[in-house]
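J.: Going by the working numbering, the first residue of the sequence shown is number 145, and it counts up by one from there. No residue lacks a Cβ here, since even glycine has one placed at the ideal position from N, Cα and C. To start, I am sharing the structure in question, which I have written as structure tokens.
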Amino acid sequence: MTLSETLRKAVLESDLSDNALAKLLGLSQPTIFRFRTGHDIKLSVGERLANFFHLELMPAKPGKAKAGKPAKR
Numbered sequence: 145m146t147l148s149e150t151l152r153k154a155v156l157e158s159d160l161s162d163n164a165l166a167k168l169l170g171l172s173q174p175t176i177f178r179f180r181t182g183h184d185i186k187l188s189v190g191e192r193l194a195n196f197f198h199l200e201l202m203p204a205k206p207g208k209a210k211a212g213k214p215a216k217r
């Protein structure tokens, strides 16, 4: 599961409205809505979400690039 998928799952399973979550995180409601509906977010927003949901952000293990795309060095 990707980082985005993990964060999105936490948001969806929280049962918090976009507005409530945005207020708790100090973000805008449209930012939460866009993320919930599949758009990308800034890393700083991802960090806020991860902290709020007590998730630890960890780097991918070496050699775990997506099929067909080499890892950037």
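1. Taking Cβ to Cβ, would you say Leu151 is nearer than 8 angstroms to Gly190?
2. Can you have a look at Leu156 and say buried or exposed, based on whether 16 or more other CB atoms are within 10 angstroms of its CB?
3. Is the beta carbon of Leu160 less than 8 angstroms from the beta carbon of Arg192?
4. At 4 residues or longer, and completely inside the segment 171-195: list those alpha helix (DSSP H) runs for me, N to C.
5. Considering only residues of the same chain and omitting the five flanking positions on each side of Asp162, which have a CB-CB separation below 7 angstroms?
6. Pick from Leu168, Leu201 and Leu169: whose alpha carbon is nearest that of Glu149?
T.: Short version:
1. yes
2. exposed
3. Their beta carbons are not under 8 angstroms apart, which means Leu160 does not touch Arg192 by this criterion.
4. 173-180
5. Gln173, Ile176, Phe177 and Arg180
6. Leu201
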